[in-house]
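To start, the structure itself, in structure tokens.
Number of protein chains: 2
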Amino acid sequence: MPQGKRVVLASRPVGEPKPTDFRIEEYAVPTPGAGEVLLRTIWLSLDPYMRGRMSDGPSYAQPVPINGVMEAGTVSEVAASNNPAFAKGDIVLSRAGWQTHAISSGQGLAKIDPKIAPISTAVGVLGMPGMTAYTGLLDIGKPQAGETVVVAAASGAVGSAVGQIARIKGARAVGIAGGKDKCDYVKGELGFDECLDHRDPNLAAKLKEACPKGIDVYFENVGGAVFEAVFPLLNAFARVPVCGLIAHYNDTQAVAPKWAPSLMRAVLTKRLTIRGFIVSDFAARHGDFLRDMSQWFREGKLKHKEFVTEGLDNAPTAFMGLLKGANFGKQLVRVGPDRA
Amino acid sequence: MPQGKRVVLASRPVGEPKPTDFRIEEYAVPTPGAGEVLLRTIWLSLDPYMRGRMSDGPSYAQPVPINGVMEAGTVSEVAASNNPAFAKGDIVLSRAGWQTHAISSGQGLAKIDPKIAPISTAVGVLGMPGMTAYTGLLDIGKPQAGETVVVAAASGAVGSAVGQIARIKGARAVGIAGGKDKCDYVKGELGFDECLDHRDPNLAAKLKEACPKGIDVYFENVGGAVFEAVFPLLNAFARVPVCGLIAHYNDTQAVAPKWAPSLMRAVLTKRLTIRGFIVSDFAARHGDFLRDMSQWFREGKLKHKEFVTEGLDNAPTAFMGLLKGANFGKQLVRVGPDRA
Chain B
1 MPQGKRVVLA
11 SRPVGEPKPT
21 DFRIEEYAVP
31 TPGAGEVLLR
41 TIWLSLDPYM
51 RGRMSDGPSY
61 AQPVPINGVM
71 EAGTVSEVAA
81 SNNPAFAKGD
91 IVLSRAGWQT
101 HAISSGQGLA
111 KIDPKIAPIS
121 TAVGVLGMPG
131 MTAYTGLLDI
141 GKPQAGETVV
151 VAAASGAVGS
161 AVGQIARIKG
171 ARAVGIAGGK
181 DKCDYVKGEL
191 GFDECLDHRD
201 PNLAAKLKEA
211 CPKGIDVYFE
221 NVGGAVFEAV
231 FPLLNAFARV
241 PVCGLIAHYN
251 DTQAVAPKWA
261 PSLMRAVLTK
271 RLTIRGFIVS
281 DFAARHGDFL
291 RDMSQWFREG
301 KLKHKEFVTE
311 GLDNAPTAFM
321 GLLKGANFGK
331 QLVRVGPDRA
Chain H
341 MPQGKRVVLA
351 SRPVGEPKPT
361 DFRIEEYAVP
371 TPGAGEVLLR
381 TIWLSLDPYM
391 RGRMSDGPSY
401 AQPVPINGVM
411 EAGTVSEVAA
421 SNNPAFAKGD
431 IVLSRAGWQT
441 HAISSGQGLA
451 KIDPKIAPIS
461 TAVGVLGMPG
471 MTAYTGLLDI
481 GKPQAGETVV
491 VAAASGAVGS
501 AVGQIARIKG
511 ARAVGIAGGK
521 DKCDYVKGEL
531 GFDECLDHRD
541 PNLAAKLKEA
551 CPKGIDVYFE
561 NVGGAVFEAV
571 FPLLNAFARV
581 PVCGLIAHYN
591 DTQAVAPKWA
601 PSLMRAVLTK
611 RLTIRGFIVS
621 DFAARHGDFL
631 RDMSQWFREG
641 KLKHKEFVTE
651 GLDNAPTAFM
661 GLLKGANFGK
671 QLVRVGPDRA
């Protein structure tokens, strides 16, 4: 019987996840029952939100149970099908998790047309991260031509799309990223107006220089020192879509940020809007997202970069790196070949 | 030459305003020039936002200059007119400030029809405070039938309208006010579902009890301990219109609130919306406001209470009291009789 491989949650991390919080297991590749399909994972998507699923604090989603398979979106091939809606060889978007094979009833699977774009983009710029950028920026941030949009993790899957969409809408895009290479890419390749290094000790002063007319939209996906630098620069009526706080995911103790004492007063006097969201809140926008983003992608206005780790065994290391910005572009794990 | 009286800002308060921060002056009642009208103040409206105008920190409005007349909305009578749009004896809404008489070009004056409602309501439930409640609650808070709305200063000009509008929209209204008398009035007269005393040492526990299904809308006009009690009870997708922070207006030092370390994480995981506003941001809604609120007022669904201080000389004391909740209802100063 063929063997599959999966990564399960061995223990709930305290602070930074460590290798022993994960366990790699072998298991017998299951056989699909009536109406079911067997999925073979090609691409595994690693995303910061998974850190939240490893903890059992209150959140919008249930945590992964101890000994449960780590959750994830995947690009998978239908390896066997007892479901008339899917044929062997179909490429589908699934939430199969950190494993080589999974059984599905077919529900929630979406077919991917390899002719439109590379299939890996279905978990990247044309998938969840792209839609996070699209909806958070356009539906909450609502950038107007001439306004200034700031986003951190600007070379990452979400941040890179945020800045490029801002530019498409006629706004000034200022990115923040970790290190010179990423900044050069964000400015040189992605066409942001500016990109600053978050490790720069003068980040606050440089950000002020890069945003001479203040900040109208800050797409929050990191928190920490970046929001501290952004906060005093927010203009009247600025919008802050809050999509993630990666700088805090490993916090073991909650600390009052420097901006805390003056936050609500600024909200009032500047009439700020601070609004959290999860991509699924905007499910109704999926059609608009696919139409616009596919078009921009085809027109070359929406570039993307992938950071590929080879082999499911390396997924834990890749994920721990992702939380520290070790990736340069959308973090993927190549679990299997495009065609078996 | 007849003498008028005015209250000017003598010095910028540090912390709580004190009597010497104000100065009462006499001045010659001016004569209107070509196209101008002379206004005689009947009602002076005192509102918490005026504390902000006494300071010169960054805000949405210019501060009152030292030796300048304190700003305020008034209900005034046209005492003399060289402007064909206004006749002697007309009652108008004006921003004449803390003084007995003022000259106006006529711009910005709005005629008040004494047949519709008592003229003092033009600076109360049918004026700026009422519109603050209406727009903040309906345009940002968006309460749905069956949801729970919480508002503090619930016997005050804004809070009392917030809770009554929430009830009209089918929501549960929970008020917070200072002391048993105010709470009895809020629940017994205004028809809120519950009202809690903010001085109660068990406020957090009692609020939880009063909101068994959590809080969907918190209309923020106080800050401080009330928001601390509200924060853990906010439901997913809760909305927090931020209209005022009266508990902090006299702060001399900004302190990180207890909720500070977990605010942004809650914004993210609960998808909260926190949005500051000023009534003038919703100027386009003035027609809707007048139509709805006048109708509710006529139908007896919108009650109001006035707290009248007699004489302009007593305005500083009344204002200092307002910041401490000494008023019970909308704070007005009777500056002159309805008819001269």
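Quick note, the sequences are listed as chains B and H, same order. Note that the first sequence covers residues 1 to 340 in my numbering. Note that the second sequence covers residues 341 to 680 in my numbering. Every residue gets a Cβ at the ideal spot worked out from N, C-alpha and C, and that includes glycine. Model, not experiment: these values are computed from the prediction.
Taking the C-alpha atoms as reference points, what is the distance between residue i and residue j?
i, j, result
"R285 of chain B", "M131 of chain B", "9 angstroms"
"D292 of chain B", "A122 of chain B", "15 angstroms"
"K451 of chain H", "D430 of chain H", "7 angstroms"
"S11 of chain B", "P63 of chain B", "12 angstroms"
"A401 of chain H", "V491 of chain H", "25 angstroms"
"E487 of chain H", "L612 of chain H", "15 angstroms"
"K169 of chain B", "S160 of chain B", "15 angstroms"
"L536 of chain H", "G287 of chain B", "47 angstroms"
"G373 of chain H", "G223 of chain B", "58 angstroms"
"A517 of chain H", "R435 of chain H", "29 angstroms"
"N667 of chain H", "E356 of chain H", "16 angstroms"
"F219 of chain B", "Q439 of chain H", "47 angstroms"
"G519 of chain H", "N575 of chain H", "27 angstroms"
"N590 of chain H", "V354 of chain H", "7 angstroms"
"Q298 of chain H", "V619 of chain H", "Limits of chain H in this structure are 341 at one end and 680 at the other, which puts residue 298 of chain H out of reach."
"V242 of chain B", "S421 of chain H", "55 angstroms"
With DSSP run on the structure shown, which of helix, strand or coil describes residue i?
i, result
"Q484 of chain H", "coil"
"E366 of chain H", "strand"
"I112 of chain B", "coil"
"V607 of chain H", "helix"
"L536 of chain H", "strand"
"P357 of chain B", "Because chain B here runs from 1 to 340, residue 357 of chain B falls outside it and cannot be looked at."
"Q331 of chain B", "strand"
"T135 of chain B", "helix"
"N314 of chain B", "helix"
"Y400 of chain H", "coil"
"Q593 of chain H", "coil"
"D181 of chain B", "helix"
"D10 of chain B", "The amino acid occupying residue 10 of chain B in the given sequence is Ala; Asp does not appear at that position. Here A10 of chain B sits in coil by DSSP."
"R167 of chain B", "helix"
"A122 of chain B", "helix"
"E228 of chain B", "helix"
Let me check one thing: in DSSP terms, what residues is residue i bridge-paired to?
i, result
"H441 of chain H", "H:R380"
"R275 of chain B", "B:P241 and H:T613"
"V557 of chain H", "H:V489 and H:R579"
"G4 of chain B", "B:Y27"
Please confirm whether residue i has its beta-carbon closer than 7 angstroms to some beta-carbon of chain H.
i, result
"M264 of chain B", "yes"
"S59 of chain B", "yes"
"F22 of chain B", "no"
"A254 of chain B", "yes"
"F192 of chain B", "no"
"P261 of chain B", "yes"
"I66 of chain B", "no"
"I274 of chain B", "yes"
"F282 of chain B", "no"
"L323 of chain B", "no"
Kindly say whether residue i, judged by its beta-carbon, lies nearer than 7 angstroms to any beta-carbon of chain B.
i, result
"L608 of chain H", "yes"
"I555 of chain H", "no"
"V582 of chain H", "yes"
"F668 of chain H", "no"
"G627 of chain H", "no"
"G476 of chain H", "no"
"G518 of chain H", "no"
"F659 of chain H", "no"
"G563 of chain H", "yes"
"F617 of chain H", "yes"
"L574 of chain H", "no"
"R611 of chain H", "yes"
"L585 of chain H", "yes"
Is residue i close to the ligand FAD? I mean its beta-carbon at under 6 angstroms from any heavy atom of the ligand.
i, result
"E529 of chain H", "The ligand FAD is absent from the structure shown, which contains no ligands of any kind."
Is the region 211-218 of chain B in contact with the region 243-263 of chain B, if contact means three or more CB pairs nearer than 8 angstroms?
-> no
The region 314-322 of chain B / the region 16-26 of chain B touching (three or more Cβ pairs under 8 angstroms) | yes
Counting pairs of Cβ atoms below 8 angstroms between the region 134-143 of chain B and the region 299-310 of chain B, do you hit three or more?
-> no
If you pair each beta-carbon of the region 375-394 of chain H with each one of the region 656-673 of chain H, do three or more pairs fall below 8 angstroms?
-> yes
Counting Cβ pairs, one atom from each stretch, are 3 or more of them under 8 angstroms apart for the region 413-433 of chain H and the region 331-338 of chain B?
-> no
Three or more C-beta pairs closer than 8 angstroms, one from the region 594-610 of chain H and one from the region 260-276 of chain B: is that the case here?
-> yes
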